[in-house]
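Residue numbers for the sequence shown follow my numbering, so the first one is 3 and each next one is one higher. Note that CB positions come from ideal geometry on N, CA and C, so glycine has one too. Below is one structure, written out as structure tokens; the observations come after it.
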Amino acid sequence: MGQTKSIERWSARKKEEAVLRLLASGNIQELARNLKVSVRDLENWKRSFLIAAREGLKSRGKDPLEKELEIAKRTIGDLTMELNLHKKKENFLKSGRINS
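This is the structure we're talking about:
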């Protein structure tokens with residue numbers, strides 16, 4: 003029977019270290035040989051790493067103006083509800099109705 007090559011599973015941490023080494027050295031062929039992984043795997047890990055890095059930089063939290071707008075909208079909603087309650091109370095008192 004033919005021998006099957008065992009596939010080593012790499013943790014995210016080990017892949018990260020490999021990609022950082024690749025970025026530092028720039029020599030993908032040599033690194034792949036040293037790590038005993040395919041060039042294609044290293045290329046895929048690097049691509050995923052860079053995409054995730056870009057997204058991480060984008061999602062640094064909401065823009066301060068967006069946060070301020072959210073707070074303003076919430077405040078307007080609260081004040082609108084309060085105003086509506088005051089109007090209902092005023093109409094109720096003007097009508098002289100008393101519900102038992």
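Per-residue DSSP class, three states only, for residue i
i, result
"S97", "helix"
"V41", "helix"
"W47", "helix"
"S27", "helix"
"D80", "helix"
"R11", "coil"
Residue i: CB within 7 Å of a non-hydrogen atom of the ligand NAP
i, result
"G28", "Inclusion of the ligand NAP in the displayed structure is not the case, the ligand content being empty and no account of it being possible."
Other residues of its chain near residue i: CB distance less than 7 Å, five sequence neighbours each side excluded
i, result
"S40", "A34"
"H88", "none"
"W47", "K17, A20, V21"
C-alpha distance - residue i paired with residue j, whole-angstrom precision
i, j, result
"K38", "R56", "28 Å"
"I78", "K96", "27 Å"
"R76", "R42", "50 Å"
"G58", "E18", "15 Å"
"M83", "K60", "36 Å"
"I30", "A14", "18 Å"
"E70", "W12", "43 Å"
"L104", "D80", "Since the first residue shown for the chain is 3 and the last is 102, residue 104 is missing from the structure and cannot be characterised."
"D65", "E72", "11 Å"
"L44", "E32", "11 Å"
CB contact below 8 Å: residue i versus chain C
i, result
"K75", "Any reference to chain C falls outside this structure, which holds one protein chain only."
Cβ-based neighbour list, residue i, same chain, cut-off 6 Å, excluding 5 preceding and 5 following
i, result
"E10", "none"
For this session: Determine, using beta-carbon pairs with one atom in the stretch 9-26 and one in the stretch 48-58, whether at least three such pairs fall under 8 Å.
Result: yes
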